[in-house]
Structure formats: C-alpha cells, structure tokens
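S.K.: Can you keep this structure in mind? I'll have questions shortly.
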Amino acid sequence: MSSSSQPSDHGSVKSYVTGLILSLVLTVIPFGAVMLGSFSLPVNVGIIVVTAILQILVQLVMFMHLDFKTEEGWNMLSFVFTVSILALVVGGSLWIMQHLHLNMMIG
Numbered sequence: 480m481s482s483s484s485q486p487s488d489h490g491s492v493k494s495y496v497t498g499l500i501l502s503l504v505l506t507v508i509p510f511g512a513v514m515l516g517s518f519s520l521p522v523n524v525g526i527i528v529v530t531a532i533l534q535i536l537v538q539l540v541m542f543m544h545l546d547f548k549t550e551e552g553w554n555m556l557s558f559v560f561t562v563s564i565l566a567l568v569v570g571g572s573l574w575i576m577q578h579l580h581l582n583m584m585i586g
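Per the working numbering, residue 480 is the first one in the sequence shown, and the count goes up by one each step.
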C-alpha cells in the first residue's frame, strides 16, 4: 500500500470548505468589479491580478497542501522550478509578440 493513500495525507473537510469559500469569494470580487464598471481599466487590472495571485495561493495551500515544512522541501523546490519555467515561457512569448507587433507596424 502506498503512503499517499493514508488518511492523514489528506486535508480535513473544514480546510476544503474554507478553500472553497475563499475561492468563490476571490472569483466573485473581480467579476463584480468588472461588471459594475465603476473602476477604471488600470484599477480593474490590478484587482484581477491581486485576486488571481491570492487565488493561486489558496489553491496551493488548501487543496494541494503545499507548505513550507522542511520535509516537504522537494515539493517546494519542484514548485519553484515550475513557476520559474512558466515565467520564462510566458515572459518570452510576450516579448516575442511585442517585437513582432513593433516590426509589423506600417508607416
């Protein structure tokens, strides 16, 4: 029997419900901000970015049980590696698209 099937490896119902409620709130906030239309574009973008980052943290802690314990070091190391590769790919793609846009401008 593998160690991943042990009940102690999974979160409690309370942590899952808390994660669900936080996820719903962090989804409704940017939706409401955009649909109300009472904020400017930069403020809306800021609200969306901040709630997206908080949403990622809630998902990682509440549902994936990623924490900073020393025995979980390999999980954290693989997460940091994944985030850095993702940032490199997304940043590089945006940089390439920006340069293509500048090179394709007529006039």
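Built from N, CA and C at the ideal position, the CB exists for glycine as well. Predicted, not measured: the structure shown is a model, and the values here were computed from it.
Looking at the secondary structure, which residues open and close the alpha helix (DSSP H) in which HIS578 lies?
M.R.: 552-583
S.K.: Grouping DSSP H, G and I as helix and E and B as strand, with all else coil, what is GLY525?
M.R.: Looking at GLY525 - three-state DSSP - the assignment turns out to be helix.
S.K.: Can you give me the start and stop residues for the alpha helix (DSSP H) that LYS493 sits inside?
M.R.: 492-515
S.K.: So what does DSSP say about LEU545, is it helix, strand or coil?
M.R.: coil
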